[in-house]
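Mapping of the sequence shown onto the numbering used here: position 39 corresponds to residue 210, and the numbering continues sequentially without gaps.
Below you'll find the structure, written out as structure tokens, and then a few comments.
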Amino acid sequence: MRCTVFGTGYLGTTHAICMAELGHHVLGVDTDPGKITKLSSGQLPFYEPDLEPLLRRNLAVGRLHFTTSYPDAAQFADLHILTVGTPSAADGHTADLTDLYAVANQLAALIERPAVILGKSTVPAGTAARLAAHLREQSPTCDFELAWNPEFLREGHALQDALRPDRIVLGVDMERTLGRSRAEQQARHLYADQLKAGVPLVVTNLETAELAKMAANAYLATKISFINAISDLCEGVGADVRALADILGHDPRIGRFGLDAGIGFGGGCLPKDLRALAKQAGELGAVDAAMLLREVEQINLHRRVRVVDLARQACGGSLRAAHVAVLGAAFKAESDDVRDSPALHVSAAIQQHGAFVTVYDPKALDNARQSYPTLTFATTITHACENADVVLVLTEWEQFAALNPDELTRLVRNRSIIDGRSSLDSTRWREAGWAYRAPGIPKTCDQLSP
Ligand SMILES: NC(=O)c1ccc[n+]([C@@H]2O[C@H](COP(=O)([O-])OP(=O)(O)OC[C@H]3O[C@@H](n4cnc5c(N)ncnc54)[C@H](O)[C@@H]3O)[C@@H](O)[C@H]2O)c1
């Protein structure tokens, strides 16, 4: 098949590459010429494991191209996939749909043959129906069907998630298409390999598809905030949240994923989607949902304050003039994405308390520097930890879990470490003479699980 992908960010680039990998002919479109130049020369504009070789391979065989030209894109295919960003608007709550409307408006004005527009961006329920009505009004001669195909991939695992998703969801306008959706036909062709491999396809109405993505993110966020709230209880009674999470996780009704206590969630998706869903719930009078989702967000933000408190305690009650090493800037491991990163938020808060903060991250330093220019950044762990009064591990990179406490001992001023991701072996650090602190892990309690 031939398709275009509008918006070559984290999602769009991955999707464009994976569709080409499946054998389709794909044209990626973005308004950022820098991104398009990089992608066209085989370089990813962000870090994502294993993706760059596939980019190069598909460029080389001629199945993948990139452009800034909308007219070229409108001519290239009759299936157009929208993956532009939907960040929080200036009010901090609603989804900003400016880019989505911009791309759809421009594209609809150029479409000359019957086309399918497939939205993949995450949007509040009701967006697709409103956008379709708007396009019919703006471009009355454009023959299009708009469907929604939300994406569930995780940064850091984007390739495997996009090539072998858990499920494919397709929302169609049931009333207009009456069981003869062109979008469904095209989606079945586009994802034929995955469907053949047994990936379930759920075809539903537009609103269910849109809401399913928001609800999935809200559920994951709730699970993370749940374990973080319970971690306070653990500290109060002398329980170890890591063992507790393992015990809960063995229950198939619960599952272990998302139960690592720490500084909470961040990134370009969960926080903004949670806020947008809470806002929509409030507007619709779904009071319980609004209350629950707002509480999940509050708990999440409070985790950051909690880690700042732990750092203050580790520095004897004041952070003024303390030297603080922060390991991690990305919102999660295996990504260079620093959007709403808890690690950087905590680093900036500690700096505001008068500390000298030096941050190291294996992949996210450039993005971190742009977002937080007043922080100091180090290009090695050694440099970040020199003379530190306390070391904070705030992103769960494997290389931090593998650190040798004895080697770090030679660098720091105080052997004090805060594990903001429950990712270190506390026994090892304590045996090496370090004061190890982590949310939900009592001061004297070492790993109980085997
Ligand atoms: N990042 C993820 O892992 C992920 C996963 C699932 C869903 N999503 C959703 O996908 C959407 C995109 O997220 P992202 O993280 O890739 O965002 P992003 O900011 O990385 O990428 C958006 C891209 O769209 C481009 N763009 C903006 N306006 C444009 C226009 N008019 N025409 C063409 N390109 C335009 C930008 O230049 C940018 O490259 C969001 O709705 C997000 O919630 C993201």
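All C-beta atoms, glycine included, are put in the ideal place defined by N, C-alpha and C.
Report task. Return the bridge partner residues of Asn376 from the DSSP annotation. Result -> Beta-bridge pairing by DSSP links Asn376 to Val343.
Requested in this report: Let me know if Glu381 comes out buried or exposed under the rule of 16 or more other beta-carbons within 10 Å of its beta-carbon.
Outcome: It is buried - the Cβ of Glu381 has at least 16 other Cβ atoms within 10 Å.
Requested in this report: Look up Gly290 in the DSSP assignment and say whether it is helix, strand or coil.
Outcome: Strand, per DSSP.
**Report entry** Beta-carbon contacts of Pro621 that lie in its chain and below 6 Å, excluding the five residues immediately before and after
**Finding:** Its pLDDT being 34, under 50, Pro621 is placed unreliably in this model, and the value from its coordinates should be taken loosely. In the same chain as Pro621, and ignoring 5 residues on each side of it, no C-beta atom comes closer than 6 Å to its own.
Query raised in the report: Would a check of beta-carbon distances place Leu391 closer than 8 Å to chain C?
Result: Absent from the structure: chain C. Only one protein chain is present.
Requested in this report: Determine the burial state of Phe428: buried for a count of at least 16 other Cβ atoms within 10 Å of its Cβ, exposed for fewer.
Outcome: By the 10 Å Cβ count, Phe428 comes out exposed.
Requested in this report: State the Cα-Cα distance for the pair Ser593 and Phe502, rounded to the nearest angstrom.
Outcome: Taking the straight line from one Cα to the other gives about 15 Å.
Requested in this report: Following the continuous alpha helix (DSSP H) through Ile188, name the residue where it begins and the one where it ends.
Outcome: Its alpha helix (DSSP H) spans residues Tyr181 to Glu192.
Query raised in the report: What residues match up with Ile589 in a beta bridge as DSSP calls it?
Result: Answer is Leu563 and Arg608.
**Report entry** Contacts around Asn529, its chain only, beta-carbon distance under 6 Å, and the 5 residues preceding and following it disregarded
**Finding:** The amino acid at residue 529 is misidentified as Asn; the sequence shows Thr. So the list reads Ala496, Thr547, Ala549 and Ala555, once near-sequence residues are dropped.
Query raised in the report: In chain order, what residues of the same chain have a beta carbon less than 8 Å from the beta carbon of Leu215, not counting five sequence neighbours either side?
Result: Within the same chain, Leu215 has close Cβ partners Thr184, Lys209, Leu222, Glu223 and Leu226.
Query raised in the report: Assuming Val343 contacts Ile612 under a Cβ cut-off of 8 Å, what Cβ separation, rounded to an integer in Å, is found between them?
Result: Between Ile612 and Val343 the Cβ distance is about 48 Å, and since that is not below 8 Å, they are no contact.
Query raised in the report: Looking at the structure shown, is Gly205 part of a helix, part of a strand, or coil, going by DSSP?
Result: Collapsing the DSSP output to three states places Gly205 in a helix.
Query - Nearest-angstrom Cα separation, counted from Leu445 out to Leu464 - result: Cα-Cα distance, rounded: 7 Å.
Query raised in the report: Alpha carbon to alpha carbon, how far is Ala286 from Phe397?
Result: Approximately 44 Å, taken between the alpha carbons.
**Report entry** Run of the alpha helix (DSSP H) containing Arg284, from where it starts to where it stops
**Finding:** First-last for Arg284: undefined, no H or E at that position.
Query raised in the report: DSSP three-state call for Tyr241: helix, strand or coil?
Result: Reduced to three states, the DSSP call for Tyr241 is helix.
Query raised in the report: For Ser512, which beta-bridge partners are listed by DSSP?
Result: Ser512 pairs with nothing; no bridge assigned.
Report task. Could you please go through the chain and list the residues whose beta-carbon is closer than 6 Å to any non-hydrogen atom of ligand 1? Result -> Sorted by position in the chain, Phe177, Gly178, Thr179, Gly180, Tyr181, Leu182, Gly183, Val200, Asp201, Thr202, Asp203, Lys206, Thr254, Val255, Gly256, Thr257, Asp270, Ala273, Val274, Ser292, Thr293, Glu322, Leu324, Glu326, Gly439 and Cys440 make up the residues whose C-beta lies under 6 Å from a heavy atom of ligand 1.
Report task. Name the one or two DSSP bridge partners that Thr547 has. Result -> DSSP, once it has assigned bridges, lists Thr529 as partnering Thr547.
Requested in this report: Have a look at Glu192, His195 and Leu536 and flag the residue whose alpha-carbon is nearest the alpha-carbon of Ile552.
Outcome: Of Glu192, His195 and Leu536, the residue nearest in Cα terms is Leu536.
Query - Lys394, DSSP secondary structure in three states - result: Residue state, collapsed to three classes: helix.
Query raised in the report: What are the boundary residues of the alpha helix (DSSP H) that Phe571 is part of?
Result: From DSSP, the alpha helix (DSSP H) with Phe571 extends over Glu569 to Ala572.
Report task. Determine the DSSP secondary structure at Ile425, reduced to helix, strand or coil. Result -> Ile425 falls in the coil class under three-state DSSP.
Query raised in the report: According to DSSP, is Arg474 helix, strand or coil?
Result: Three-state DSSP puts Arg474 in a helix.
Query - Environment of Tyr607 [buried if 16+ CB atoms lie within 10 Å] - result: Flag for Tyr607 reads buried.
Query - As assigned by DSSP and simplified to three states, the class of Arg301 - result: DSSP places Arg301 in helix when its eight states are reduced to three.
Query raised in the report: Under the rule that 16 or more other beta-carbon atoms within 10 Å means buried, what is Leu349, buried or exposed?
Result: The residue is exposed, with fewer than 16 neighbouring Cβ atoms inside 10 Å.
Query raised in the report: His494 bridges to which residues according to DSSP?
Result: DSSP, once it has assigned bridges, lists Phe527 as partnering His494.
Query raised in the report: CA-CA distance, Leu619 and Ile521?
Result: With a pLDDT of 43 at Leu619, under the threshold of 50, the modelled position of this residue cannot be trusted; read the value that follows with caution. In a straight line, the C-alpha of Leu619 is about 31 Å away from that of Ile521.
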